[in-house]
């Protein structure tokens with residue numbers, strides 16, 4: 001299998017969202033359409049409750065799917081469909097906003113002292129943007145873990161690894177979402193569907209995310225003008241966006257292991273009209289959505 005090459009590296013940047021949650025945005029508005037069909041990835045990771053307790057009070061979504069993955073801590077969820085619950089360590093919430101949903105996500109003080117989780121936004125195609133909303137609460141115990149050659153451990157959230165299928169199925173963009181741990185001194189290869197957009201977000205450790213060993217062989221977005229370190233090996237809070245050419249992703253570790261989330265999905269190739277929590281195809285569709293929200297006719 002031919003190996004995909006890194007197209008561009010991004011470093012997550014501090015930002016504030018919701019009612020005052022301090023988080024790091026790995027990619028978002030300015031990177032559309034490079035990550036098509038994915039719109040955004042936010043990493044909230046703090047041991048200071050003041051950074052995360054303000055939470056994300058009631059707000060609307062339309063035209064997208066929001067995926068929350070919690071590694072440590074607790075997040076309370078409630079929505080306009082009547083769903084309520086707590087997302088705990090290792091749990092995943094996959095919410096399809098479709099025609100419209102109003103929800104809130106409110107972190108609670110973490111039992112471990114640390115809150116750590118992620119939220120992805122995935123786009124819906126024009127033909128499905130007004131589909132009926134749905135909510136999937138996937139508990140950690142329902143996410144299978146597969147051990148591969150060399151001791152590579154893979155938590156399969158969406159997709160299939162070693163004949164084991166993850167619990168999230170029947171999603172429009174045919175996503176793959178894997179939590180992968182590669183031991184030190186190991187080469188790991190993962191086949192990907194032809195043409196699917198794919199990226200890795202590094203959680204811990206470090207590794208090479210393609211066969212190249214030249215840090216200047218691909219584009220890289222710096223964390224700021226004081227960032228003077230450009231390395232070929234990728235470490236925490238880095239996004240490796242892969243090119244579409246090639247049949248597999250290759251990850252190689254040296255003296256340290258690496259843990260990362262690998263995400264892939266079928267690109268839509270459609271126009272994106274995005275404002276705040278709503279993503280449609282045209283500005284007129286955005287106008288309708290916000291007018292309906294103001295009038296109280298947003299929920300179908």
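Residue numbers (the UniProt record's numbering): 1 to 300.
Using N, Cα and C, we set each Cβ at its ideal position, and we do this for glycine too.
DSSP bridge partner residues for residue i (one or two, in chain order)
| i | result |
| --- | --- |
| residue 23 | 15 |
| residue 155 | 145 and 179 |
| residue 305 | Beyond the ends of the chain as shown, which are 1 and 300, falls residue 305; an answer cannot be given. |
| residue 171 | According to DSSP, residue 171 bridges with nothing at all. |
| residue 116 | 45 and 72 |
| residue 134 | 96 |
| residue 121 | 40 and 66 |
| residue 252 | 187 and 208 |
Span separating the alpha-carbon of residue i from that of residue j
| i | j | result |
| --- | --- | --- |
| residue 264 | residue 288 | 31 Å |
| residue 299 | residue 165 | 33 Å |
| residue 122 | residue 150 | 32 Å |
| residue 56 | residue 170 | 27 Å |
| residue 83 | residue 4 | 40 Å |
| residue 188 | residue 153 | 11 Å |
| residue 97 | residue 274 | 14 Å |
| residue 259 | residue 225 | 28 Å |
| residue 113 | residue 146 | 29 Å |
| residue 116 | residue 74 | 9 Å |
| residue 155 | residue 172 | 21 Å |
| residue 47 | residue 162 | 36 Å |
| residue 271 | residue 111 | 43 Å |
| residue 120 | residue 12 | 14 Å |
| residue 65 | residue 197 | 16 Å |
| residue 50 | residue 22 | 9 Å |
| residue 217 | residue 99 | 43 Å |
| residue 295 | residue 31 | 32 Å |
| residue 59 | residue 276 | 10 Å |
| residue 241 | residue 1 | 19 Å |
| residue 190 | residue 284 | 41 Å |
| residue 234 | residue 213 | 11 Å |
| residue 290 | residue 280 | 11 Å |
| residue 33 | residue 45 | 26 Å |
| residue 8 | residue 180 | 20 Å |
Spatial neighbours of residue i in its chain, beta-carbon cut-off 7 Å, leaving aside the 5 residues before and after
| i | result |
| --- | --- |
| residue 215 | 230, 231 and 232 |
| residue 81 | 101, 133 and 135 |
| residue 27 | 10, 35, 40, 41 and 239 |
| residue 211 | 3 and 250 |
| residue 126 | 270 and 281 |
Under 9 Å between C-beta atoms of residue i and residue j
| i | j | result |
| --- | --- | --- |
| residue 228 | residue 10 | no |
| residue 174 | residue 144 | no |
| residue 184 | residue 255 | yes |
| residue 62 | residue 278 | yes |
| residue 253 | residue 293 | no |
| residue 36 | residue 24 | no |
| residue 85 | residue 77 | yes |
| residue 186 | residue 236 | no |
| residue 261 | residue 38 | no |
Contacts around residue i, its chain only, beta-carbon distance under 6 Å, and the 5 residues preceding and following it disregarded
| i | result |
| --- | --- |
| residue 138 | 92 and 167 |
| residue 90 | 140 |
| residue 177 | 157, 158 and 263 |
| residue 308 | Since the first residue shown for the chain is 1 and the last is 300, residue 308 is missing from the structure and cannot be characterised. |
| residue 14 | 24 |
| residue 282 | 273 |
| residue 130 | 99 |
| residue 246 | 2, 3 and 4 |
| residue 94 | 67, 136 and 168 |
| residue 103 | 79 |
Close Cβ partners of residue i (< 8 Å) along its chain, the five nearest in sequence each way excluded
| i | result |
| --- | --- |
| residue 195 | 244, 266 and 267 |
| residue 160 | 166 |
| residue 148 | 154, 161, 162 and 188 |
Test: residue i CB closer than 9 Å to a CB of chain B
| i | result |
| --- | --- |
| residue 100 | The chain inventory of the structure shown lacks chain B, comprising one protein chain alone. |
- Message: For the structure I just gave you, are there three or more beta carbon pairs, one from the region 264–284 and one from the region 210–226, closer than 8 Å?
- Response: no
- Between the region 66–74 and the region 95–109, do at least 3 Cβ pairs fall closer than 8 Å? yes
- Query: Is the region 44–62 touching the region 17–32 in the sense that three or more CB pairs, one from each, lie closer than 8 Å?
  - Reply: yes
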